[in-house]
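One structure is given below, encoded as structure tokens.
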Amino acid sequence: MDSTLAAALEEVIDSLKNSDSFVRLVLSGRRRNMQTPVERIDVKPALIKGEVKYQVMQSDGRAMSTKNYSPSEFLALNLLDSGFANILLEQRDGSISVRITKKGEALIHRTHDTFEADLSHDRSKARLLDAGDPFLIEVGISDNSGKVKVGKNDKYLQVEEFLRLLAPSLTSAISAGHIAKPTPEKPLSIVDLGCGHAYLTFAAHQYLIKQGIPVKVIGIDVRESARLRNNQIAEKLGISESITFLAEEISQTSLKSADVAIALHACDTATDDAITWAVNSDVKLALIAPCCHHDIQAQMVDAPEPWQIVTRNGIMKERLGDLITDALRMQVMKLMGYRVEAIEFIGGEHTPRNLMIRAVKTGAIADSIEKSRYEAMISLWKVKPALASLLNR
Ligand SMILES: C[S@@+](CC[C@H](N)C(=O)[O-])C[C@H]1O[C@@H](n2cnc3c(N)ncnc32)[C@H](O)[C@@H]1O
Numbered sequence: 002m003d004s005t006l007a008a009a010l011e012e013v014i015d016s017l018k019n020s021d022s023f024v025r026l027v028l029s030g031r032r033r034n035m036q037t038p039v040e041r042i043d044v045k046p047a048l049i050k051g052e053v054k055y056q057v058m059q060s061d062g063r064a065m066s067t068k069n070y071s072p073s074e075f076l077a078l079n080l081l082d083s084g085f086a087n088i089l090l091e092q093r094d095g096s097i098s099v100r101i102t103k104k105g106e107a108l109i110h111r112t113h114d115t116f117e118a119d120l121s122h123d124r125s126k127a128r129l130l131d132a133g134d135p136f137l138i139e140v141g142i143s144d145n146s147g148k149v150k151v152g153k154n155d156k157y158l159q160v161e162e163f164l165r166l167l168a169p170s171l172t173s174a175i176s177a178g179h180i181a182k183p184t185p186e187k188p189l190s191i192v193d194l195g196c197g198h199a200y201l202t203f204a205a206h207q208y209l210i211k212q213g214i215p216v217k218v219i220g221i222d223v224r225e226s227a228r229l230r231n232n233q234i235a236e237k238l239g240i241s242e243s244i245t246f247l248a249e250e251i252s253q254t255s256l257k258s259a260d261v262a263i264a265l266h267a268c269d270t271a272t273d274d275a276i277t278w279a280v281n282s283d284v285k286l287a288l289i290a291p292c293c294h295h296d297i298q299a300q301m302v303d304a305p306e307p308w309q310i311v312t313r314n315g316i317m318k319e320r321l322g323d324l325i326t327d328a329l330r331m332q333v334m335k336l337m338g339y340r341v342e343a344i345e346f347i348g349g350e351h352t353p354r355n356l357m358i359r360a361v362k363t364g365a366i367a368d369s370i371e372k373s374r375y376e377a378m379i380s381l382w383k384v385k386p387a388l389a390s391l392l393n394r
């Protein structure tokens, strides 16, 4: 192990032994040629029956799980050396971040900022957005007394789940240097392509502002009625300086750039328009939850054998078509320098459209086998994805 890295890990371990000053630890990213046990680990102190425990929250990309350990039990898990590329430790009087490069070297950054520990442990009930947030009332999810309306609980949960995915994705992208740290002069720019009634657009804005992250949000929808309604709400909430809505086709939008693009359930190939815009505009983080998939479905007329045992059943053909569409979209993005993952957006009991593509622009050049895989897949199924045509692939 690189000696600077060994010394940095030793320093983090020593600091973690002092539970009084511990505030937060985040492990994320993957070291070259190594597998991490889960996608990301967040650790914070929690006061449980008068004792400080280390609360470990793990995300496998589908769901979060939480477990509490004593500091020594936690250190015995040896998670610092389990394949993560980024280690961020915050203590009351400063932070240390260690980024392990592809060559296995450590890039170390220290600050002398002050951090405050949150010792609460009942995170499961904690909501990221209060149901009484004025925006939830204005968009019609909560009533005037700040309670979620009957019949709007699924929408509220979807908003919460979305924020739970957005927040760590953003933190990782910023700490890995893919997105510049937002400042009031250069706020984080987010575009929501096909924003509709803008539940998620407003949610992202309100949540990030609440976290002290300067942000500029733009919602785009082809419907003029959506633009009018959403801009009126923004004005009523007094936030129209930092959130605004345009009535435009995604493929024709006048917007030129953004750090983050989201497109949630934009219809059929509007998802491909959104990905195309994101790729062409060099978006660094894209969160895309596709909706109805007609493009590849319509082309799957001549299923290769032995796949006909699946495709002769209408419902199975449809689901397979959805999967092939999204897998090909992801592969195209991979070939264009994005690190891509498919994650569950929200449990299938809330909406059947529960797959989200998370793509981070790393600029990595994909192995040649990835191109061969893509070509073999489209040739096997005799299909040409709309996204490939839009991006001239
Ligand atoms: C199913 S709604 C989803 C709205 C929102 N993203 C959400 O998840 O709540 C899809 C929205 O995309 C918009 N849309 C569809 N195709 C579009 C396109 N090509 N350009 C802009 N907006 C589009 C529709 O007008 C509609 O409001």
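Just so it is clear: in the sequence shown, position 74 is 75 by the numbering used here, and no numbers are missing.
Don't be surprised by glycine CBs; every beta carbon is placed ideally from N, CA and C.
Since this is a predicted model, take the numbers as computed values, not measurements.
- Cβ contact annotation for Leu26 (same chain, cutoff 6 Å, sequence separation greater than five): Val44 and Leu90, in chain order.
- Here the alpha carbons of Ile370 and Arg33 stand approximately 18 Å from one another.
- The DSSP-derived three-state label of Glu345 is strand.
- Taking non-hydrogen atoms of ligand 1 into account, the C-beta of Val218 is found less than 7 Å away from none of them.
- Distances from the CA of Ser243 to each of Ala168, Leu324, Pro46 and Gln207 were compared; the closest alpha carbon is that of Gln207.
- Shown in chain order are the residues whose CB sits closer than 5 Å to a heavy atom of ligand 1: Gly195, Gly197, Asp222, Val223, Arg224, Glu250, Ile251, Leu265, His266, Ala267, Cys268 and Ala271.
- Around the beta carbon of Ile316, fewer than 16 other beta carbons lie within 10 angstroms, which makes this residue exposed.
- For Glu91, the enclosing beta strand (DSSP E) covers residues Phe85 to Gln92.
- Collapsing the DSSP output to three states places Ala275 in a helix.
- Separation of the CB atoms of Leu171 and Leu286 is rounded to 7 Å, and the pair is thereby assigned contact status at 8 Å.
- At least 8 Å separates the beta-carbon of Thr363 from that of His110.
- Put simply, the region 292-304 touches the region 256-275. At least three CB pairs are less than 8 Å apart.
- Judged by DSSP in its simplified three-state form, Arg340 adopts strand.
- Ser226 is classed as exposed because its beta carbon has fewer than 16 other beta carbons within 10 Å across all chains shown.
- Per the DSSP secondary-structure output, Asn69 pairs in a beta bridge with Gln56.
- DSSP places Val384 outside any alpha helix (DSSP H), giving it a letter other than H or E.
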